[in-house]
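Chains as they are written, first to last, in this note's numbering: chain A, 2 to 153; chain B, 22 to 804.
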């Protein structure tokens, strides 16, 4: 099937099998390998991107559902050479170690902050419970999101 | 000196620049031209004979390129996956290591064991092909219980009673005498629950073969690419060592599970040679659950003997350790040399005896997982000590303090074969008591009770041993590899530096920490140092990263190479300054002649080394590049005090961690930010074991019930508290940096602290782990 979508402000028209997932379009067709695959059951959140401004798990979105959508991935959130405040806060607070969950975590955290008034640490913990991190124990991720929401 | 980026500074990480922008390069991000995709057919049975496999439907599947079974690998003389540590039983006999063909041939021994592989042009075609394989299995009775494994049906022909070994350490008679004379004996039966490592990046491999050179390249998710290369070449017989390059690029977490050499990458690299096309495999999450080596799974009876004065006089431990179906790469060492040897803990217990039976079951292999043996040892010791304090009605902190090895007793030789070089356990405990405001606990407990909640406090004073060493001792005890680390420092013409290490970073931040070391030592900008790792084509043979060894062993190797650079630099500088090398000092990035006080910058000497116009070529080779192999004189012994405070809702069984305090002595700290992060992550895994995580096999079918993230309870952000972490410092006495290692401490100390707190809250001596809401609810009701 033909799919037309805008990814990180670039229009793409692709011909893909109908069972193709958005995560596969991003990784395999557009070489945007910053979006990661960490599970098969839509639990881990490593594949989170923004579709039409909201965070979604791209492993559970079929190509047809993404047709006509505006998609933003981890590669598309920095403004030229300037990092997004959430990226900067993750670096500043050592909120990542192996880096594998990081793209999805950052994309979830951006939507969480954008969709809510000022969040408490506990609300951030609850808001990120769809994203697994096995390295950081989440302590510094919470710190980073608290810092970023002051900048966003 | 450059204090903002030198030793002791919380420098922001270099590697983050790529990870936060999506530019990390993990194995599955790499694709090669004309690449194929491999999918394994895996056993649905825990224990079965393979009476036949019909491959024809798979071969006929559109897009399928090739289908192979274990017989095809055997025909190419691909060998068994070996276990690299020989442990001997009490009677002196060698451990039994059953044959472990990478792809099962006649029999499958656990659910998920691969018995065939399908290679296709697309992942979908490979999956379709694998599903089309028809195997005729004759199902056998399975052995699933650790405790009862020795009386179950025999799994391997050469392993009667399903036993690999029956090992012992310590003086049995002296320990029995201590128990005969004890004033009090505390006893516990302990089940240390099976864990599944769950790095968020699943394992993956991409194999490539160049028929014009005969060279193989394997990209894979390994913590130790040189060990992978050695085993695949020397034991598994995939290719000669010189023809095989293993590249382990960015790796998304390991926690031990990516140390080992597995069936999957073996099949990938073999198939790449067979087909002459690149072959790629990436584990689905369920494959990771089924096949990544699991952790822990001990069943233990332990007893502590105590005299009238509250001094520990004896410790007696008997453990059954589940090895799973086969001995994984380093499995045999985990419940022995990384467990029994740690049972002295922080205490002066003079008599210790431990015996360990390693048993086979029809489950996934069990091997090193964050802490590897040391969490199990800490759990035994610290649960016993806490229980003894309750039985004796003593303050658990005071009972510990009474038995601590005193600071003036180091070096201290334990009754279980280790010599601790340094430590001061009392100051860590004092600091933890203060940070946790233990003095205010009773009022917090009253407050909880007034709200219908139960509050508890638990301690854990752990010790661990990092940087397994020295090689000669380990090899004499059965290790199949050396335990040094390699380093190379190449100074560029302009004075910038490439540091190449045999250590491997999969989250630890070596590119930053090691650059700090080099920058600090040479007095050059942090930005001028590039750290290279993870490629057998670029680094000398090294042992990789596990057991919290990178800074103590890999960092020390870099320091040795740096010393050689400076020694040569002094010779060059002496010539340039018309002085004598004995008169040349190196400090703050300058070589200075003491007699004339004239000096040269590090970069000037480097330039002269490579543009040798005025250079004593007859005495000295040009260039400035040095190598070192560092073999430690001893383990390092990080230790600390963890205090956990929980509040339990008896109506729901939910345990909330009210606070967690960890005070650790890691010796000198290079980057405090990174070290704190390592502690946080370890705590999360240790708390996960205590409250959430449990790898469970169905007792009848042998299916892994917890085979996905829907069933296995991973710690999420809202399960965990903010942590309070701090350090004390007694520098390691036998490495140049005075460092000990920090990667596993959090996972080693925390589990016992949590369970001590939960049992304190519930007012019980013991309860099963993990303390899930269901279990806690039942215990709270006395059910």
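Backbone N, C-alpha and C define an ideal beta-carbon position, used for all residues, glycine too.
**Asked** Is there a Cβ from chain A that is less than 8 Å from the Cβ of residue 272/B?
**Response** yes
**Item:** Burial state of residue 524/B (16 or more Cβ within 10 Å)
**Value:** buried
**Request:** Answer yes or no: does any C-beta atom of chain B fall closer than 8 Å to that of residue 59/A?
**Result:** no
**Request:** Use the C-beta contact count for residue 442/B: other C-beta atoms within 10 angstroms, 16 or more gives buried, fewer gives exposed.
**Result:** buried
**Prompt:** Shorter than 8 Å from the beta carbon of residue 220/B to some beta carbon of chain A?
**Reply:** yes
**Message:** Contact between the region 721-728 of chain B and the region 129-149 of chain A is defined here as three or more beta-carbon pairs at a separation below 8 Å; is this criterion met?
**Reply:** no
**Prompt:** What's the C-alpha gap between residue 472/B and residue 709/B?
**Reply:** 26 Å
**Request:** Using 10 angstroms around the beta-carbon of residue 22/B, count the other beta-carbons present and answer buried if the total reaches 16, otherwise exposed.
**Result:** Since pLDDT at residue 22/B reaches only 44, below the 50 mark, its modelled position is unreliable, and no value is offered.
**Request:** Report the partner residues of residue 745/B according to the DSSP bridge assignment.
**Result:** 682/B
**Item:** Proximity test, Cβ basis, 8 Å: residue 117/A and chain B
**Value:** no
**Request:** Consider the Cβ of residue 66/A: report whether some Cβ of chain B lies at a distance smaller than 8 Å.
**Result:** no
**Asked** When DSSP labels each residue in this structure, what does residue 59/A get in the three-state scheme?
**Response** helix
**residue 323/B beta carbon less than 8 Å from that of residue 664/B** = no
**Asked** CB-CB under 6 Å to residue 236/B, same chain, minus the five flanking residues each way: which ones, in chain order?
**Response** 264
**Message:** Pull the bridge partners of residue 7/A from the DSSP assignment, please.
**Reply:** 12/A and 71/A
**Prompt:** If the cut is a Cβ gap below 8 Å, which residues of chain B does residue 48/A touch?
**Reply:** Neighbours of residue 48/A on chain B: none; closest Cβ ~11 Å, over 8 Å.
**Message:** Can you check whether the C-beta of residue 44/A is within less than 8 Å of a C-beta belonging to chain B?
**Reply:** yes
**Near-chain A residues of the region 29-50 of chain B (beta-carbon distance less than 9 Å), N- to C-terminal order** = 31, 33, 34, 36, 37, 38, 39, 40, 41, 42, 43, 44, 45, 46, 47, 49 and 50
**Asked** So is residue 225/B in contact with chain A if we call contact Cβ pairs under 8 Å?
**Response** no
**Prompt:** From which residue to which residue does the alpha helix (DSSP H) around residue 595/B run?
**Reply:** 577-597
**8 Å Cβ cut-off: residues of chain A touching residue 695/B** = 95
**Message:** With a threshold of 8 Å between beta carbons, is residue 15/A in contact with chain B?
**Reply:** no
**Asked** From what residue to what residue does the alpha helix (DSSP H) around residue 122/A run?
**Response** 122-128
**Asked** Can you name, in chain order, every residue of its own chain whose Cβ lies under 7 Å from the Cβ of residue 734/B, other than the five neighbours on each side?
**Response** 713 and 714
**Message:** Among the candidates 28/A, 36/A, 44/A and 34/A, whose CA atom is the shortest distance from the CA of residue 736/B?
**Reply:** 44/A
**Asked** So does the region 68-88 of chain B actually touch the region 135-149 of chain B, counting three or more Cβ pairs closer than 8 Å?
**Response** yes
**Asked** When you check each C-beta in the region 732-755 of chain B against every C-beta of chain A, which residues fall closer than 9 Å?
**Response** 735, 736, 737, 738, 739, 740, 741, 742, 743, 744 and 746
**Request:** Starting from the C-beta of residue 348/B, find all residues in its chain whose C-beta is less than 6 Å away, skip the five residues before and the five after it, and write them out in chain order.
**Result:** 104 and 118
**Item:** Supposed contact pair residue 157/B and residue 73/B - C-beta distance, whole angstroms, cut 8 Å
**Value:** 4 Å
**Message:** Quick check on residue 568/B: buried or exposed, where buried means 16 or more other Cβ atoms within 10 Å of its Cβ?
**Reply:** buried
**Prompt:** Tell me which same chain residues have a C-beta within less than 6 Å of the C-beta of residue 614/B, skipping the five on either side of it?
**Reply:** 598, 600, 604 and 605
**Asked** How would you write the range of the alpha helix (DSSP H) that residue 637/B sits in, first residue to last?
**Response** Here residue 637/B belongs to no alpha helix (DSSP H), and DSSP marks it neither H nor E.
**Request:** Could you name the residues of the same chain whose beta carbon sits closer than 6 Å to that of residue 717/B, not counting the 5 residues immediately before and after it, in chain order?
**Result:** 726 and 727
**Request:** Return yes when the Cβ of residue 534/B is within less than 8 Å of the Cβ of residue 1/B, no when it is not.
**Result:** What is shown of chain B runs 22 to 804, which leaves residue 1/B out entirely.
**Prompt:** Mind pulling the alpha helix (DSSP H) runs of 4 or more residues that sit fully within the region 425-500 of chain B?
**Reply:** 446-456, 462-471 and 492-497
**Asked** Can a CB atom of chain B be found closer than 8 Å to the CB of residue 73/A?
**Response** no
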